[in-house]
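There are 2 protein chains.
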Amino acid sequence: MPYTKKHKENTRIKILESAFRLFTAKGFDGVTVNVIMNDCGLTRGAFYAHFTSKADLYAASLKFSASSSNLAKLKPVNISDKEWVSLLLDGYLSFEHVQGIQPCPLAFLATDINTRSEETKAVYAGVYHGMNKAMMEFTTSYVDCDEQDILSVTAMIIGAVAIARTMGNKNAVIKLLAACRREAGLKLGVI
Amino acid sequence: MPYTKKHKENTRIKILESAFRLFTAKGFDGVTVNVIMNDCGLTRGAFYAHFTSKADLYAASLKFSASSSNLAKLKPVNISDKEWVSLLLDGYLSFEHVQGIQPCPLAFLATDINTRSEETKAVYAGVYHGMNKAMMEFTTSYVDCDEQDILSVTAMIIGAVAIARTMGNKNAVIKLLAACRREAGLKLGVI
DNA sequence: GATTTAATATGATCTATATCATATATTAGA
DNA sequence: TCTAATATATGATATAGATCATATTAAATC
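So the protein sequences, as listed, match chains A and B. Mapping the first sequence onto my numbering, position 23 (from 1) lands on 184, and the numbers just tick up by one. Mapping the second sequence onto my numbering, position 174 (from 1) lands on 335, and the numbers just tick up by one.
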């Protein structure tokens, strides 16, 4: 019995992490299998022992990030829903997020996803649904806002991060993020 | 003197139109030079008499669309600023827009633009700036809203269209667009 | 209608990259 | 330390697509 059972699984996870980071930064066509594998210290040949294709990896990396970013599960037990919403907005609309620290695929892959397979798009749709559902559940306990409010706020913050990422001017990014943070705060009762 | 002077210019415009439609629909890497040229009834060989490269065309098509979609110039003379803002929001947040009729590059290329050249990104930034400036000018005449309000509304409508485009479910698209139309209307005084 | 010249098409090249086939390296247990 | 089984690396293949070089076509003027 060569290698421990977890060895391959660990490698798989390393590939998924590199893939997610690179795909969100550069899109499907902006990254090669070679680059992804090198990024996690391997070579391209090992790739097909883990995934059937580059497209397969893209979808898998999206699923992987979704599974490790469940907003409800990540919530610390000792804070209120309101405090959690405030923290989530702060993080989402932060300069660090725009730079790609813990990138949200909804914002980073918003247009890239359109040229992917239906199955891949379905994964993306699931992430989007999850975000709205979580925000709905958190806000319902302390503020009066309906589904339309939530949909408009998530569209705004996703849009803000997507646009911010295209900008070269840091001050303009900060201004845009602050504007949307204020607006989201007003809407969701966390100013 | 073979051909009229306008012949080449007309061909150039046909290429730009095809390119803009195809690039917005499928992104830079989702379209080939061949496909663009065939789309306007030509073959790939003719391409390099008009543009130096595919990347050159992408940037040119973005500029071209910007020049033909100046919101201030498009405004009919016989309507008020307020009516114009209302019409613009209706059109932007329409199902037809999501389907790609007169696509706004800000929404359709939001993440695609990140892997393009700095010059190309600058063109995109210009379009974004133009949109905000126009909205600011239209709204200032009849409603009290500051730059932050405008920035948050444009982020929302761009985000809404970008996300809507990823969805397979028409009803979900309609719901999202309606939510953002209501919100934008509240913010900009055009309910 | 013939000539000239620009516009367009055809065929070729060259490169990047996904994928595959095969060889090598690694490690758990004997 | 040796062996078996698996993971990984290397080298090869194949294809797509951007770009270029050259040939062909079309139209304005004579």
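Think of the CB as a built atom: it goes at the ideal place given N, C-alpha and C, for glycine as much as any other residue.
At what residues does the alpha helix (DSSP H) containing B/Val322 begin and finish?
-> For the purposes of this step, residue 322 of chain B is taken as residue 161 along the second sequence, with counting starting at 1. Here the alpha helix (DSSP H) through B/Val322 covers 308–327.
Since B/Ser179 meets chain A, which of its residues come closer than 7 Å, beta carbon to beta carbon?
-> The count along the second sequence starts at 1 and reaches residue 179 of chain B at position 18. None at all; the shortest Cβ gap to chain A is about 18 Å.
Mind listing which residues of the segment 260–277 of chain A have their C-beta closer than 9 Å to chain B's C-betas, in chain order?
-> Leu267, Ala268, Phe269, Leu270, Ala271, Thr272, Asp273, Ile274, Asn275, Thr276
Relative to the alpha-carbon of A/Thr185, which residue among A/Gly206, A/His211, A/Ala220 has its alpha-carbon at the smallest distance?
-> Sequence index remark: in the first sequence, residue 185 of chain A carries index 24 (1-based). When only C-alpha atoms are compared, the closest one is A/Ala220.
Run of the alpha helix (DSSP H) containing B/Ala345, from where it starts to where it stops | As a first step, residue 345 of chain B is located in the second sequence; it is residue number 184 there, counting from the start. It spans 331–349 - the alpha helix (DSSP H) in which B/Ala345 sits, taken as one unbroken run.
For the segment 331–338 of chain A and the segment 261–281 of chain A, state whether three or more C-beta atom pairs, one from each stretch, are separated by less than 8 Å.
-> no
Would you tell me roughly how many angstroms separate the C-alpha atoms of B/Leu203 and B/Asp310, rounded to the nearest one?
-> Your numbering for residue 203 of chain B matches position 42 in the second sequence. Your numbering for residue 310 of chain B matches position 149 in the second sequence. Spanning the two alpha carbons is a distance of roughly 46 Å.
Kindly list the residues whose CB is nearer than 8 Å to the CB of A/Ser313, restricted to its own chain and excluding five residues on each side of it in sequence; keep chain order.
-> Position 152 of the first sequence, counting from 1, holds the residue named residue 313 of chain A. Excluding sequence neighbours, A/Ser313 sits near Lys348.
State the start and end residues of the unbroken alpha helix (DSSP H) segment that holds B/His406.
-> Past the boundaries of the shown model lies residue 406 of chain B; chain B is included only from 162 to 352, so the question cannot be answered.
May I ask which residues mark the beginning and end of the alpha helix (DSSP H) holding B/Ile197?
-> To locate residue 197 of chain B, count along the second sequence from 1; it is residue 36. Taken as a continuous stretch (DSSP letters only), the alpha helix (DSSP H) holding B/Ile197 covers 194–200.
For A/Pro237, count neighbouring C-beta atoms within 10 Å of its own C-beta (all shown protein chains included) and say buried if the count is 16 or more, exposed if not.
-> Residue numbering aside, residue 237 of chain A sits at position 76 when the first sequence is read from its first letter. Counting Cβ neighbours within 10 Å, A/Pro237 comes out exposed, since fewer than 16 surround it.
The segment 256–266 of chain B contacting the segment 295–310 of chain B, beta-carbon criterion three pairs below 8 Å | no
Between which two residues does the alpha helix (DSSP H) containing A/His290 stretch?
-> Residue numbering aside, residue 290 of chain A sits at position 129 when the first sequence is read from its first letter. From DSSP, the alpha helix (DSSP H) with A/His290 extends over 279–301.
Is B/Asp305 helix, strand or coil by DSSP?
-> Translated into the one-based positions of the second sequence, residue 305 of chain B becomes position 144. B/Asp305: coil per DSSP, three-state reduction.
Anyone know if the C-beta pair for B/Cys341 and A/Ala316 falls short of 9 Å?
-> Sequence index remark: in the second sequence, residue 341 of chain B carries index 180 (1-based). Sequence index remark: in the first sequence, residue 316 of chain A carries index 155 (1-based). A contact, by the Cβ cut-off of 9 Å.
Are A/Ala321 and B/Gly320 closer than 9 Å when you measure CB to CB?
-> Along the first sequence, read from residue 1 onward, the residue named residue 321 of chain A stands at position 160. Along the second sequence, read from residue 1 onward, the residue named residue 320 of chain B stands at position 159. Taking 9 Å as the Cβ cut-off, A/Ala321 and B/Gly320 qualify as a contacting pair.
Bounding residues of the alpha helix (DSSP H) (the contiguous stretch that carries A/Asp242) = Walking along the first sequence from the start, residue 242 of chain A turns up at place 81. Per DSSP, A/Asp242 belongs to the alpha helix (DSSP H) from 242–253.
With DSSP as the reference, label A/Leu203 as helix, strand or coil.
-> Residue mapping note: residue 203 of chain A aligns to position 42 of the first sequence, counting from 1. Note: A/Leu203 maps to coil in three-state DSSP.
Taking only beta-carbon atoms, is A/Tyr285 less than 9 Å away from chain B?
-> Working through the first sequence from its first residue, we reach residue 285 of chain A at position 124. It does; some Cβ of chain B falls within 9 Å.
Considering only residues of the same chain and omitting the five flanking positions on each side of B/Leu232, which have a CB-CB separation below 6 Å?
-> Within the second sequence, the letter at position 71 stands for residue 232 of chain B. Ala295.
Give the residues of chain B in contact with A/Cys201, contact being defined as C-beta atoms less than 8 Å apart.
-> One-based indexing of the first sequence puts residue 201 of chain A at position 40. Under the 8 Å cutoff, chain B gives no residues; its nearest Cβ is about 21 Å from A/Cys201.
Residues within the segment 168–194 of chain A neighbouring chain B, beta-carbon criterion of under 7 Å | Lys187, Gly188, Asp190, Gly191
In terms of residues, what are the limits of the alpha helix (DSSP H) holding A/Leu270?
-> Here residue 270 of chain A is taken as the residue at index 109 of the first sequence, counted from 1. First-last for A/Leu270: undefined, no H or E at that position.
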